[in-house]
Amino acid sequence: MTRIHDMGGRFGDGAIAGRSGGRVFEERWHARALALTLAAGALGHWNIDMSRHSRECLPPKDYQRFSYYEKWLAALADLLVRHGLVTCGELSDPERSPACPAHQKILRPAHVATVLGRGLTYTRPVSGAAKFANGAMVRTRRHTANPLVIGGHTRLPAYACGRRGRIVGCHGAQVLPDSNAHGLGEAPEWLYSVEFAAAELWGPDTENPDDTMVLDAFESYLEAV
Amino acid sequence: MTRIHDMGGRFGDGAIAGRSGGRVFEERWHARALALTLAAGALGHWNIDMSRHSRECLPPKDYQRFSYYEKWLAALADLLVRHGLVTCGELSDPERSPACPAHQKILRPAHVATVLGRGLTYTRPVSGAAKFANGAMVRTRRHTANPLVIGGHTRLPAYACGRRGRIVGCHGAQVLPDSNAHGLGEAPEWLYSVEFAAAELWGPDTENPDDTMVLDAFESYLEAV
Amino acid sequence: MSEFDRHPGGRPPHSHLPPDPALRVMALETLLVRKGLIDPSALDEIADHYANRVGPRNGAIVVAKSWLDPSFRESLLRDATGTVSSLGFTGRQGEHIVAVENTPDIHNIVVCTLCSCYPWTLLGLPPAWYKSDAYRSRTIREPRSVLAEFGVNLLQSQKVRVWDSTAEVRYLVVPMRPDGTEGMTEDQLAGIIARDCMIGTALPRLPEPGQ
Amino acid sequence: MSEFDRHPGGRPPHSHLPPDPALRVMALETLLVRKGLIDPSALDEIADHYANRVGPRNGAIVVAKSWLDPSFRESLLRDATGTVSSLGFTGRQGEHIVAVENTPDIHNIVVCTLCSCYPWTLLGLPPAWYKSDAYRSRTIREPRSVLAEFGVNLLQSQKVRVWDSTAEVRYLVVPMRPDGTEGMTEDQLAGIIARDCMIGTALPRLPEPGQ
Numbered sequence: 025m026t027r028i029h030d031m032g033g034r035f036g037d038g039a040i041a042g043r044s045g046g047r048v049f050e051e052r053w054h055a056r057a058l059a060l061t062l063a064a065g066a067l068g069h070w071n072i073d074m075s076r077h078s079r080e081c082l083p084p085k086d087y088q089r090f091s092y093y094e095k096w097l098a099a100l101a102d103l104l105v106r107h108g109l110v111t112c113g114e115l116s117d118p119e120r121s122p123a124c125p126a127h128q129k130i131l132r133p134a135h136v137a138t139v140l141g142r143g144l145t146y147t148r149p150v151s152g153a154a155k156f157a158n159g160a161m162v163r164t165r166r167h168t169a170n171p172l173v174i175g176g177h178t179r180l181p182a183y184a185c186g187r188r189g190r191i192v193g194c195h196g197a198q199v200l201p202d203s204n205a206h207g208l209g210e211a212p213e214w215l216y217s218v219e220f221a222a223a224e225l226w227g228p229d230t231e232n233p234d235d236t237m238v239l240d241a242f243e244s245y246l247e248a249v
Numbered sequence: 025m026t027r028i029h030d031m032g033g034r035f036g037d038g039a040i041a042g043r044s045g046g047r048v049f050e051e052r053w054h055a056r057a058l059a060l061t062l063a064a065g066a067l068g069h070w071n072i073d074m075s076r077h078s079r080e081c082l083p084p085k086d087y088q089r090f091s092y093y094e095k096w097l098a099a100l101a102d103l104l105v106r107h108g109l110v111t112c113g114e115l116s117d118p119e120r121s122p123a124c125p126a127h128q129k130i131l132r133p134a135h136v137a138t139v140l141g142r143g144l145t146y147t148r149p150v151s152g153a154a155k156f157a158n159g160a161m162v163r164t165r166r167h168t169a170n171p172l173v174i175g176g177h178t179r180l181p182a183y184a185c186g187r188r189g190r191i192v193g194c195h196g197a198q199v200l201p202d203s204n205a206h207g208l209g210e211a212p213e214w215l216y217s218v219e220f221a222a223a224e225l226w227g228p229d230t231e232n233p234d235d236t237m238v239l240d241a242f243e244s245y246l247e248a249v
Numbered sequence: 040m041s042e043f044d045r046h047p048g049g050r051p052p053h054s055h056l057p058p059d060p061a062l063r064v065m066a067l068e069t070l071l072v073r074k075g076l077i078d079p080s081a082l083d084e085i086a087d088h089y090a091n092r093v094g095p096r097n098g099a100i101v102v103a104k105s106w107l108d109p110s111f112r113e114s115l116l117r118d119a120t121g122t123v124s125s126l127g128f129t130g131r132q133g134e135h136i137v138a139v140e141n142t143p144d145i146h147n148i149v150v151c152t153l154c155s156c157y158p159w160t161l162l163g164l165p166p167a168w169y170k171s172d173a174y175r176s177r178t179i180r181e182p183r184s185v186l187a188e189f190g191v192n193l194l195q196s197q198k199v200r201v202w203d204s205t206a207e208v209r210y211l212v213v214p215m216r217p218d219g220t221e222g223m224t225e226d227q228l229a230g231i232i233a234r235d236c237m238i239g240t241a242l243p244r245l246p247e248p249g250q
Numbered sequence: 040m041s042e043f044d045r046h047p048g049g050r051p052p053h054s055h056l057p058p059d060p061a062l063r064v065m066a067l068e069t070l071l072v073r074k075g076l077i078d079p080s081a082l083d084e085i086a087d088h089y090a091n092r093v094g095p096r097n098g099a100i101v102v103a104k105s106w107l108d109p110s111f112r113e114s115l116l117r118d119a120t121g122t123v124s125s126l127g128f129t130g131r132q133g134e135h136i137v138a139v140e141n142t143p144d145i146h147n148i149v150v151c152t153l154c155s156c157y158p159w160t161l162l163g164l165p166p167a168w169y170k171s172d173a174y175r176s177r178t179i180r181e182p183r184s185v186l187a188e189f190g191v192n193l194l195q196s197q198k199v200r201v202w203d204s205t206a207e208v209r210y211l212v213v214p215m216r217p218d219g220t221e222g223m224t225e226d227q228l229a230g231i232i233a234r235d236c237m238i239g240t241a242l243p244r245l246p247e248p249g250q
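Chains as they are written, first to last, in the working numbering: chain A, 25 to 249; chain B, 25 to 249; chain C, 40 to 250; chain D, 40 to 250.
Listed below in structure tokens is the structure:
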């Protein structure tokens, strides 16, 4: 078990609601929550893996009751406090906070289109060749746990731990979230697409044995079989 | 992944609240919820495994936000409807329901002490000897899934799937929840206590490698290694 | 989706009850009485049974006897169900009892990760913390951290053994008898064996001198 | 407990914000503006960017081109990131794109079980259902049941391949070109390629005659 966010394969969630779509922002505050998160992220105090981990670390009761943008907001508040940018006292009473000069990396409207349109590549150079070739059989590691930090961030879902699959693609070497989420460096690794037979993942709960599931797995998530 | 109730090892739940104890029933309605559940159970329409499964099948959003006796109540309401004893319409407007004669197994106050004090043994005779001896090494099955019913009840927690442990006790043959929860018969099996090294279960998240965890596992949960 | 996850109209039956929990119980009781399924005075009896008739004193007597009587102890560890039955401690959620003994080498602690299984016949109903998500999720993975929150400091030499109550067997932790209890009666000993000592989240303590 | 699960006073920082979500955003915005961390007019720009400037039309153009131009299709399947960049579709949550093509043998569908990863540059922000627990938990295990809820009936011969977006790679499903679209322009084709076709939860449909 990792955390509440790691829900792939969970039973009990019922039918998928709102399949017909809807507006980009269903409420005005949704747009504001998204924009606040991106603008605060542009200050450079944390990276995307830290953002994800902050959402994952919401208490399960909050994670389950919050709507999507409520999770974003709560995780943003937690990040701001963790990184020393605001205090809990200021969160409960914003008016009490003194007015401060602008942060040197504050995002100005003129730069928004550039920043959002540029993106951030996660590909990094690594020394050494990829360990696994296309078609190679691999097994994912037996525990979903982050090996660097107890209770830490990882992108290996629990449903795919200790399972045999086949390499079906390599995306070059990319930043390792397990390290980057904790400020331990980017530690880039080769990133693969690994395909699993449905029955390997789901056993007796398999819906159709002809189907497959593919996930992206970093090299340290995998061992040769 | 099974369901939201299968939370052993999950991160994120924070400190344990209310460690100092408190009254047996913190609210008057707690006592009433407990009593209603036991009294309705005495009617004999379902067994304890069906009760547990009904709680497990609460939608995750409800399971996480409900207090303990709220889960009991909700699961009781779901059981009553599933077994045809009440309707959803009656749940929302009890006064509309016609007054009915007493159920033939209605629990009367004079029988409460006897019923509660008697209990229900889960031991059953089986043909054949236990497969595993004390000290034998076993491995739990690879998937927590119930092999009889998709999304069905099981008592093998996700954290203990596909793990090696040692038999440290046998409790005789007992009713198999995986079958009994679905009205598929009692299907008794030998029941063992299986002890695991902490590191086998938790890998890099192990708190102390000297520690062990023991769970009770039915014979079909186990294979020899 | 499993059939249990399908609900006509997308709403599980329980969502038709009123939102306030106390009103929810009342609505359900009203309905079940009208339907002839419940006798309300039986509810009073059940509540009284668990509020007043069973509780951790039962378990404390069992432990105190095991401290005083080596043959009782031996019998308890060999066949707890039979042994506690002979004291009249039988019933729901206590049909299959196993006693696990703390020693200088091993400290035992009990949890039910999947629900809240607990030896009702010996300890009464479980406390709220035992049923909490935090206790259920954490105890099985980090028992020492949980024990520290409860103020339990283990001997350097002690391993922890966590019992996850995954079947109908209910576990009673038999704590070690503390020094300074020589000459105490069964009743006096039972008085220092608090409920949590028999779950594994506390150790028996002598009353402070003068109390 | 991990250090991330420890909070002084037992309350995580976000619990200090007001309970109503709209007020919560306002409080946070007020605070961050006072602290010099946010320029409120940048927030308007960001909202406008995702409300009006990027959306599923981008992806539809990519798919339409791949239907019309075999060399574009080949390039898209070999190097989608480079190919869509050449159309100006670059940016956040679209840095590494992989296009996966439906065939008579394989139907592709995309999910992010761990959060809600999605190709923003090609499809805009994800719809609410894509971010729902039900879609995240069920699609990876029972894609056919999910597809049936979306009204998608697969060919008898088709296998399902579910892509779980677990890293920074974003997946674009390239649906099969339906019969009856011969002679349609790129613009007309893009018009029948709805967002969900590129997630894998719909199939392109010709407009009803007369519409």
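For glycine and all other residues, C-beta sits at the position ideal for the given N, C-alpha and C.
The three-state reading of DSSP puts Gly-209 (chain B) in coil, since its state is none of H, G, I, E or B. No Cβ of chain A is located within less than 9 Å of the beta carbon of Asp-235 (chain B). For Phe-111 (chain C), the enclosing alpha helix (DSSP H) starts and ends at 109 to 117. The C-alpha of Leu-67 (chain B) lies about 36 Å from the C-alpha of Ser-184 (chain D). Across the structure, Leu-60 (chain A) and Pro-243 (chain D) are spaced so that their CA atoms are roughly 35 Å apart. For Asp-73 (chain B), the enclosing alpha helix (DSSP H) starts and ends at 72 to 80. For Ile-77 (chain D), the CB contacts under 6 Å within the same chain, skipping 5 residues up- and downstream, are Leu-71 in chain order. For Val-162 (chain A), no Cβ of chain D is located within less than 9 Å of the residue's own Cβ. Against Arg-177 (chain D), the close residues of chain C are Met-40, in the order they occur along the chain (beta-carbon pairs closer than 8 Å). Counting other Cβ atoms within 10 Å of its Cβ, Asp-117 (chain B) stays below 16 and is therefore classed as exposed. In the structure shown, the three-state DSSP call for Arg-163 (chain B) is strand.
For the pair Ile-231 (chain C) and Ser-44 (chain B), the Cα-to-Cα distance works out to about 16 Å.
In the three-state scheme derived from DSSP, where H, G and I count as helix and E and B as strand, Ala-64 (chain A) is classed as helix.
Within chain B, the residues placing a beta-carbon under 8 Å from that of Asp-172 (chain D) are Pro-84 and Lys-85, ordered along the chain. Between Gly-98 (chain C) and Leu-56 (chain C), the gap from beta carbon to beta carbon reaches 9 Å or more. For a Cβ distance threshold of 8 Å, residue set Asp-235, Thr-236, Met-237 and Val-238 of chain B lies close to Val-201 (chain C), ordered along the chain.
Taking C-beta atoms under 8 Å as the contact rule, Thr-26 (chain B) and Phe-35 (chain A) qualify, at a distance of about 6 Å.
Under the rule that a run must span 3 or more residues, the beta strand (DSSP E) segments found entirely inside the region 115 to 199 of chain A read 161 to 164 and 188 to 198. Just so you know, the alpha carbons of Asp-108 (chain C) and Leu-164 (chain C) end up roughly 28 Å apart.
The C-alpha of Ala-137 (chain B) lies about 57 Å from the C-alpha of Ala-57 (chain A). The DSSP-derived three-state label of Thr-142 (chain D) is coil.
Tyr-87 (chain B): not part of any beta strand (DSSP E); member of the alpha helix (DSSP H) spanning 84 to 89, first to last residue. Beyond the five residues adjoining it in sequence on each side, Tyr-157 (chain D) comes within less than 6 Å, by CB distance, of Pro-165 in the same chain, given in chain order. In the DSSP assignment, no residue is bridged to Asp-226 (chain C). Under the DSSP definition of a beta bridge, Asn-147 (chain D) partners with D:Arg-200. One finds nothing in chain C with a Cβ atom closer than 7 Å to the Cβ of Phe-90 (chain A); even the nearest lies about 16 Å away. Scanning chain D for C-beta atoms nearer than 7 Å to the C-beta of Trp-53 (chain A) yields Pro-60, Ala-61 and Val-64, reported in chain order. Listed along chain C, the residues sitting closer than 7 Å to Gly-36 (chain A) by beta-carbon distance are Asp-44.
Residues of chain A whose Cβ lies closer than 8 Å to the Cβ of Gly-49 (chain C) are, in chain order, Gly-38, Ala-39 and Ala-41. Within the same chain, Cβ atoms closer than 6 Å to the Cβ of Ala-211 (chain A) are found at Leu-200 and Ser-203, the five residues on either side in sequence being excluded. For Ser-184 (chain C), the neighbours in chain D by C-beta distance under 9 Å run, in chain order, Met-40. Residue burial annotation: Gly-48 (chain D) is exposed, with fewer than 16 other C-beta atoms found within 10 angstroms of its C-beta. Of D:Thr-129, D:Arg-177 and D:Ser-105, the smallest CA-CA separation from Met-237 (chain D) is found for D:Ser-105. Spatial neighbours of Leu-208 (chain B) in its own chain (CB-CB distance under 8 Å, excluding positions within 5 residues in sequence) are listed in chain order as Leu-172 and Val-173. Neighbours of Glu-181 (chain C) across chain D, judged by C-beta separation under 8 Å: Met-40. Within chain B, the residues whose beta carbon sits less than 8 Å from that of His-167 (chain A) are Trp-226, Gly-227, Pro-228 and Asp-229, listed in sequence order.
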